[in-house]
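Chemist: The sequence shown begins at 90 in this note's numbering and counts up one residue at a time. Cβ atoms here follow ideal geometry from the backbone N, Cα and C, with glycine treated the same way. Predicted model, so just to flag it, every value in this text is computed and none were measured.
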Amino acid sequence: MSNRLFSKIFSNARKPEGFFGRMMVNGMNGGSHARMAQWGLSFVNINENVSVLDVGCGGGANVARLLELAPKGRVEGIDYSPVSVKKSKAVNAKAIAAGRCRIQEGSAAALPYADGEFDLVTAFETVYFWPGIEECFRGVRRTLKEGGRFLIVNEDDGLTGNNEKWEKMIDGMHTYTPDELRNYLTAAGFHDIDVHINDQHHWLCVTAIR
Ligand SMILES: C[S@@+](CC[C@H](N)C(=O)[O-])C[C@H]1O[C@@H](n2cnc3c(N)ncnc32)[C@H](O)[C@@H]1O
90 MSNRLFSKIF
100 SNARKPEGFF
110 GRMMVNGMNG
120 GSHARMAQWG
130 LSFVNINENV
140 SVLDVGCGGG
150 ANVARLLELA
160 PKGRVEGIDY
170 SPVSVKKSKA
180 VNAKAIAAGR
190 CRIQEGSAAA
200 LPYADGEFDL
210 VTAFETVYFW
220 PGIEECFRGV
230 RRTLKEGGRF
240 LIVNEDDGLT
250 GNNEKWEKMI
260 DGMHTYTPDE
270 LRNYLTAAGF
280 HDIDVHINDQ
290 HHWLCVTAIR
């Protein structure tokens with residue numbers, strides 16, 4: 090396969106569109122993403138009635154996971170890709186009908202939520218693509234309650250050099266190292282920042298408190 094075709098296909102990780110986008114979104118809902126998400130979620134306590142926002146929710150598998158972990162809670166998902174939003178709505182249709190879930194199209198750079206709305210904001214496999222990361226983190230912080238938590242989970246900890254081939258293929262992608270994320274989160278006003286690395290897979294999980 091040519092580099093251009095690879096690049097066209099994998100750019101759908103940044104913003105799923107069209108046929109390849111639909112394939113990508115289906116892929117994101119299973120396999121290694123699921124295992125990594127479960128690993129990341131093990132670093133936060135989720136009460137049954139928590140209110141959660143999942144930014145860059147993709148195909149909605151993590152929204153579904155969060156709804157299961159918080160059976161009396163409310164989960165919102167947002168994604169700037171209409172393909173992701175459609176899939177996420179389909180996956181979580183029951184909870185949407187029950188009034189426990191809402192999925193919206195929108196950007197991490199302009200979160201359409203009130204100040205202090207959420208106990209937890211999650212971002213799985215998505216911060217690599219956010220424009221102006223520090224401003225986005227400020228926006229996340231604004232939507233969190235005082236003492237609320239931000240959870241970032243990335244498949245790549247940015248420490249091995251593996252990220253270079255993806256960054257070449259996917260325009261605008263940046264794989265943050267733990268130190269970079271810590272610095273941006275601190276600059277955005279977060280505290281108690283904890284970094285976890287899965288040594289086997291080089292997954293990265295960062296939690297931070299508003
Ligand atoms: C690799 S997928 C991950 C999806 C999902 N979080 C998961 O782990 O399965 C990245 C998702 O983030 C979304 N995304 C990227 N940048 C975004 C932004 N600035 N605002 C909102 N969504 C964004 C993409 O559209 C895509 O659905």
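Please state whether the Cβ-Cβ distance between C146 and S173 is less than 8 Å.
Modeler: The residue labelled residue 146 in the question sits at position 57 within the sequence shown. The residue labelled residue 173 in the question sits at position 84 within the sequence shown. Contact: yes.
Chemist: If you draw a straight line from the alpha carbon of K161 to that of E253, how long is it in whole angstroms?
Modeler: For the purposes of this step, residue 161 is taken as residue 72 along the sequence shown, with counting starting at 1. For the purposes of this step, residue 253 is taken as residue 164 along the sequence shown, with counting starting at 1. Answer to the nearest angstrom: the Cα atoms are 42 Å apart.
Chemist: Span of the alpha helix (DSSP H) holding A277?
Modeler: Locating residue 277 in the sequence shown gives position 188, where the first residue counts as 1. Taken as a continuous stretch (DSSP letters only), A277 belongs to no alpha helix (DSSP H), as it is neither H nor E.
Chemist: Considering just the uninterrupted stretch of the alpha helix (DSSP H) at C225, what are its terminal residues?
Modeler: Taking the sequence shown and counting its residues from 1, one reaches residue 225 at position 136. Segment I222 to T232, the alpha helix (DSSP H) holding C225.
Chemist: Would you kindly report the start and end of the unbroken alpha helix (DSSP H) that includes Q127?
Modeler: Translated into positions along the sequence shown, residue 127 becomes position 38. Taken as a continuous stretch (DSSP letters only), the alpha helix (DSSP H) holding Q127 covers G120 to L130.
Chemist: Taking the CB atoms as reference points, tell me whether V144 and A197 lie closer together than 8 Å.
Modeler: Here the question's residue 144 lines up with position 55 in the sequence shown. Here the question's residue 197 lines up with position 108 in the sequence shown. Yes; because the gap between Cβ atoms is below 8 Å, this pair is in contact.
Chemist: With a cut-off of 5 Å, give the chain-ordered residues whose Cβ is closer than this to any heavy atom of ligand 1.
Modeler: The answer, residue by residue, is A102, K104, M117, H122, G145, G147, D168, Y169, S170, S173, S196, A197, F213, E214, T215, F218 and W219.
Chemist: What is the residue span of the beta strand (DSSP E) that R189 lies within?
Modeler: The residue given as residue 189 occupies position 100 in the sequence shown. Premise fails: R189 is in no beta strand (DSSP E) and is neither H nor E.
Chemist: Between the Cα of F239 and the Cα atoms of G247, M117, F207 and Q193, which residue gives the shortest distance?
Modeler: Working through the sequence shown from its first residue, we reach residue 239 at position 150. Residue F207 is the option with its Cα nearest to F239.
Chemist: Rounded C-beta distance between R299 and G237? I'm assuming under 8 Å.
Modeler: Working through the sequence shown from its first residue, we reach residue 299 at position 210. Working through the sequence shown from its first residue, we reach residue 237 at position 148. At roughly 5 Å, the Cβ-Cβ gap stays under 8 Å, so R299 and G237 are in contact.
Chemist: Got a sec, what are the start and stop residues for the alpha helix (DSSP H) A150 sits in?
Modeler: Taking the sequence shown and counting its residues from 1, one reaches residue 150 at position 61. From DSSP, the alpha helix (DSSP H) with A150 extends over A150 to L158.
Chemist: Between which residues of its own chain and Q127 is the CB-CB distance below 7 Å, once the five residues before and five after are set aside?
Modeler: As a position in the sequence shown, residue 127 is number 38, starting the count at 1. So no residue of the chain qualifies.
Chemist: Write down the C-beta distance between L156 and I135 rounded to the nearest angstrom, noting that I regard them as a contact closer than 8 Å.
Modeler: Here residue 156 corresponds to residue number 67 of the sequence shown, with the count starting at 1. Here residue 135 corresponds to residue number 46 of the sequence shown, with the count starting at 1. Not a contact, Cβ separation roughly 11 Å.
Chemist: Considering Cα atoms alone, identify which of G188, I192, A186 and D246 is closest to K175.
Modeler: Locating residue 175 in the sequence shown gives position 86, counting from the first residue. Ranking the options by Cα distance to K175, first place goes to I192.
Chemist: Identify the continuous alpha helix (DSSP H) that holds W255 and give its terminal residues.
Modeler: Start at 1 with the first residue of the sequence shown, and residue 255 comes out as number 166. First-last of the alpha helix (DSSP H) with W255: N252 to M258.
Chemist: Nearest by alpha-carbon distance to P201: which of A277, N243 and I167 is it?
Modeler: Your numbering for residue 201 matches position 112 in the sequence shown. When each option's Cα is compared against that of P201, the closest is I167.
Chemist: Over what stretch of residues does the alpha helix (DSSP H) that includes I98 continue unbroken?
Modeler: For the purposes of this step, residue 98 is taken as residue 9 along the sequence shown, with counting starting at 1. First-last of the alpha helix (DSSP H) with I98: N92 to F99.
Chemist: May I have the straight-line CA-CA distance separating V295 from V229, to the nearest angstrom?
Modeler: Residue mapping note: residue 295 aligns to position 206 of the sequence shown, counting from 1. Residue mapping note: residue 229 aligns to position 140 of the sequence shown, counting from 1. If I take the Cα positions, the gap works out to 14 Å.
Chemist: Mind checking who L200 pairs with in its DSSP beta bridge?
Modeler: As a first step, residue 200 is located in the sequence shown; it is residue number 111 there, counting from the start. Answer is none; L200 lacks a bridge partner.
Chemist: By the 10 Å Cβ neighbour count, where 16 or more other Cβ atoms means buried, how is D288 classified, buried or exposed?
Modeler: Position 199 of the sequence shown, counted from the first residue, corresponds to residue 288. By the neighbour-count rule (16 or more Cβ atoms within 10 Å), D288 is not buried but exposed.
Chemist: Would you tell me roughly how many angstroms separate the C-alpha atoms of R271 and L130, rounded to the nearest one?
Modeler: As a position in the sequence shown, residue 271 is number 182, starting the count at 1. As a position in the sequence shown, residue 130 is number 41, starting the count at 1. Each residue's Cα considered, the two are about 19 Å apart.
Chemist: What are the start and end residues of the beta strand (DSSP E) that includes S140?
Modeler: As a first step, residue 140 is located in the sequence shown; it is residue number 51 there, counting from the start. S140 to V144 is the extent of the beta strand (DSSP E) around S140.
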